[in-house]
Amino acid sequence: MFKFGFSKGVSISRTSLAEIFTKGFSTQHGRKLEGKVALITGAASGIGKATATKFVNNGAKVVIADMQRQLGQDTAKELGSNAAFIACDVTKESDISNAVDFAISKFNQLDIMYNNAGVACNSPSSIVDLDLALFDRVMSINVRGVMAGIKHASRVMIPRRTGSILCTASVTGVIGGLSQHTYAVSKATVIGIVKTVASELRKYGIRVNCISPFAIPTPLVMEEMSRLYPGVDAQRLVEIVHNTGTLEGENCEAIDIANAALYLASEDAKYVNGHNLVVDGGFTSFKSLEFPAPDQVVC
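Note that our numbering has the sequence shown beginning at 47, numbered continuously upward.
Here it is in structure tokens:
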């Protein structure tokens, strides 16, 4: 435990001591992002859309940045006057820079940058057959796009000396063997990016964190599953994804990641920095030896 010392002759009342220990421990209720402005890449569907919805419902104004123009415009319209859409290809730094500038011009500030845009990787599983051209493409989206997002969010957050930057990583970047090498490497890199950038931006009061979700049947995942299991009914594919989980009675859903993002973006997480919040029902926390039952072992 912490040891507290007080200078000789200094007194402190019981009331003041209580205030010191309780400050910051009260739980926020209601609209946790009131007055905040967020920019979310890849927000037209899936985790991004769920997070945009959660943020707007908690008082934030949200810029939806996505390559899917019609879907992005529909999402912004659905969320109302506190949401706006801008077309954004995260492989183009100018698009990301423009999205940040758009957030400033539209809503006057940028408090939260969520680098969520990403792409799956339909590549051979063997390192021997690694397609380096595909590797470069995935890294340009999942890694370079994240770095560009952090770069341009930082240029407007540093002068204000405040801000929260989030990134979507993955459980595939936490332990090996869960996906093709290219995708896993890209997500492991995101986790590393968060730690190294947090070490600098902390000096300006800017927090940088990431979220590592378990498998969720988002449009991106379902598209990948359809390639793996051609002709299989969509509901069956959802069941396959959910059956990989380990927490009995629960499935990982987009809203779970949106809730994690809300926590990290809000004052509830004001002292959480450089952290990878794993949302996986404990999947990456253990591995069972699967010993046979005693009555199944012949002496």
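Beta carbons: idealized from backbone N, C-alpha and C, even for Gly.
Apply the 10 Å Cβ neighbour rule to residue i and answer buried if 16 or more other Cβ atoms are within range, or exposed otherwise.
i	result
glycine 118	buried
aspartate 341	exposed
valine 220	buried
glycine 70	In this prediction, glycine 70 scores a pLDDT of 45, lower than 50, which makes its location untrustworthy; no coordinate-derived value is stated.
aspartate 112	buried
glutamine 281	exposed
alanine 149	buried
glycine 191	buried
asparagine 188	buried
alanine 129	buried
valine 83	buried
cysteine 345	exposed
serine 245	exposed
asparagine 154	exposed
glutamine 74	Note that glutamine 74 scores 48 on pLDDT, short of 50, meaning its location in the model is unreliable and no value can be drawn from it.
alanine 179	exposed
isoleucine 211	buried
asparagine 161	buried
aspartate 302	buried
serine 225	buried
valine 174	exposed
valine 217	buried
Does the distance from the C-beta atom of residue i to that of residue j stay below 8 Å?
i	j	result
valine 184	serine 140	no
glycine 92	threonine 264	yes
valine 109	alanine 163	no
alanine 90	threonine 121	yes
valine 254	valine 236	no
asparagine 319	arginine 273	no
isoleucine 239	methionine 193	yes
alanine 215	isoleucine 257	yes
leucine 85	alanine 166	no
glycine 295	phenylalanine 329	no
isoleucine 196	tyrosine 250	no
glycine 315	tyrosine 309	Residue 315 is actually alanine in this sequence, not glycine. The answer is yes: Cβ separation under 8 Å.
glycine 209	isoleucine 252	yes
glycine 346	glycine 94	What the structure shows of the chain is the stretch from 47 to 345, and residue 346 is not part of that stretch, so it cannot be assessed.
leucine 283	glycine 327	no
In the DSSP assignment, what residue or residues form a beta bridge with residue i?
i	result
leucine 323	Ile257
phenylalanine 131	Ile110
isoleucine 252	Gly209
Output the boundary residues of the alpha helix (DSSP H) element that contains residue i.
i	result
threonine 214	Looking at the DSSP string, threonine 214 is not in any alpha helix (DSSP H); the run it does join, the beta strand (DSSP E), is 209-214.
threonine 99	92-103
proline 170	Premise fails: proline 170 is in no alpha helix (DSSP H) and is neither H nor E.
glutamate 299	Careful: glutamate 299 lies outside any alpha helix (DSSP H) and carries neither H nor E.
serine 140	139-153
glutamine 281	280-288
glutamine 116	115-125
lysine 241	227-247
aspartate 182	178-188
leucine 266	265-274
Contact check, residue i vs residue j under 8 Å by CB: the rounded distance?
i	j	result
valine 325	alanine 306	5 Å
cysteine 213	proline 259	Not quite, the Cβ-Cβ distance comes to about 12 Å (not below 8 Å), so this is no contact.
asparagine 168	glutamate 270	7 Å
serine 312	leucine 79	6 Å
alanine 106	methionine 159	Actually they do not touch by this definition, with Cβ atoms about 12 Å apart.
leucine 176	histidine 227	6 Å
lysine 100	alanine 339	About 44 Å; that fails the 8 Å criterion.
threonine 137	serine 186	5 Å
Return the first residue and the last residue of the beta strand (DSSP E) that residue i is part of.
i	result
asparagine 161	158-161
alanine 84	83-87
Would the C-beta of residue i count as close to the ligand FAD, meaning under 7 Å from any of its heavy atoms?
i	result
serine 331	As far as ligands go, the structure on display features none, and thus does not contain the ligand FAD.
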